[in-house]
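Report on the following structure.
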Amino acid sequence: MKRSVLVTGFEPFGGDLLNPSEVIAVALEGRVISKHVIHAQVLPCVFGTSIDVLNDALNRYKPNLVICLGQAGGRAGITPERVAINIDDARIADNDANKPIDRPIVKGGPVAYFSTLPIKAITAALNKQKIVSSVSQTAGTFVCNHIFYALMHAITKTRSVRGGFVHVPWLPEQIKDKKGQPSMPIEVMIKGIETVIKVSLKTAKDKLVSAGAEH
Ligand code: PCA
Numbered sequence: 001m002k003r004s005v006l007v008t009g010f011e012p013f014g015g016d017l018l019n020p021s022e023v024i025a026v027a028l029e030g031r032v033i034s035k036h037v038i039h040a041q042v043l044p045c046v047f048g049t050s051i052d053v054l055n056d057a058l059n060r061y062k063p064n065l066v067i068c069l070g071q072a073g074g075r076a077g078i079t080p081e082r083v084a085i086n087i088d089d090a091r092i093a094d095n096d097a098n099k100p101i102d103r104p105i106v107k108g109g110p111v112a113y114f115s116t117l118p119i120k121a122i123t124a125a126l127n128k129q130k131i132v133s134s135v136s137q138t139a140g141t142f143v144c145n146h147i148f149y150a151l152m153h154a155i156t157k158t159r160s161v162r163g164g165f166v167h168v169p170w171l172p173e174q175i176k177d178k179k180g181q182p183s184m185p186i187e188v189m190i191k192g193i194e195t196v197i198k199v200s201l202k203t204a205k206d207k208l209v210s211a212g213a214e215h
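FYI, in this note's numbering the residues of the sequence shown are 1 to 215.
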């Protein structure tokens, strides 16, 4: 079977009409990067259901690398997340009106998982291309952290599968009535995520997949 990468994005949420993470994932579908075919999966912005859809995609594609994407409105750059924590704590309702508070994602599961993406190599490569990027120390406690934790929980024993979560900023069309907020054009985001994939595939082979291994 051809080696593959799974890229996920989220549908719009919180009353938005767009979610750049979905646009990026769909744009990358079918592309070949470093001899890996890219599969895209759009996830519902719903606690629980999003995990079922992710797990189905993992079983279907058996990817070597998984990059989950989400929108972080208000952030200026592309931000690979360092750590997923075992808690749901929603400030707003998800797309199915769920609003869990202080609820573990996996009962009895580890407190947290580190990303197994080379997060520092990713930010360095993006900055070299003049794309704003920095490591984020928290993916929040909404559906993005939820899916990040579920991903790491699913692949933690599969040492050959590397994965993690990357937040992206708003698109220019999303900040029209939000003065002074940062945004990034879609072409730059797509180029940036291609770089994330390339760097992750390059460093996946010979690096230990564990906390902070490449730092
Ligand atoms: N961003 C939200 C959920 C979906 C998305 O794109 C978050 O950061 O949790």
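For each residue, glycine too, the CB sits at the ideal point set by N, CA and C.
None of the values given here were measured: they were computed from a predicted structure.
Euclidean distance between Cα positions of residue i and residue j
| i | j | result |
| --- | --- | --- |
| Ile131 | Val168 | 12 Å |
| Asp89 | Arg162 | 26 Å |
| Ala154 | Glu173 | 35 Å |
| Ala97 | Asp177 | 26 Å |
| Ala217 | Pro182 | Residue 217 is absent from the model: the chain starts at 1 and stops at 215. |
| Ile190 | Trp170 | 13 Å |
| Phe10 | Ser160 | 25 Å |
| Ala25 | Ile186 | 11 Å |
| Arg103 | Ala125 | 36 Å |
| Ile119 | Lys179 | 30 Å |
| Thr79 | His36 | 23 Å |
| Gly192 | Asp94 | 27 Å |
Buried or exposed (CB count within 10 angstroms, at least 16 for buried), residue i
| i | result |
| --- | --- |
| Asn55 | exposed |
| Thr8 | buried |
| Glu22 | buried |
| Gln129 | exposed |
| Gly74 | exposed |
Range of the contiguous alpha helix (DSSP H) that encloses residue i
| i | result |
| --- | --- |
| Ala150 | 143–155 |
Residue i, enclosing beta strand (DSSP E) - first and last residue
| i | result |
| --- | --- |
| Ala84 | 83–85 |
| Leu171 | Here Leu171 belongs to no beta strand (DSSP E), and DSSP marks it neither H nor E. |
| Val66 | 65–71 |
Cβ neighbours of residue i in the same chain (closer than 8 Å, five flanking residues each side left out)
| i | result |
| --- | --- |
| Pro100 | Phe47, Asp88, Asp89, Ala90 |
| Ile33 | Val5, Glu194, Ile197, Lys198, Leu201 |
| Val83 | Ala112, Tyr113, Phe114, Ser115, Gln137, Thr138, Ala139 |
| Ser134 | Gly77, Thr79, Thr123 |
Contact set for residue i: own chain, Cβ-Cβ below 6 Å, skip 5 residues either direction
| i | result |
| --- | --- |
| Cys144 | Gly70 |
Quiz prompt | Residue ranges of each beta strand (DSSP E) within the region 91–120, 3 or longer | solution = 112–114
Practice problem: At 4 residues or longer, and completely inside the region 10–48: list those alpha helix (DSSP H) runs for me, N to C. | Solution: 20–28
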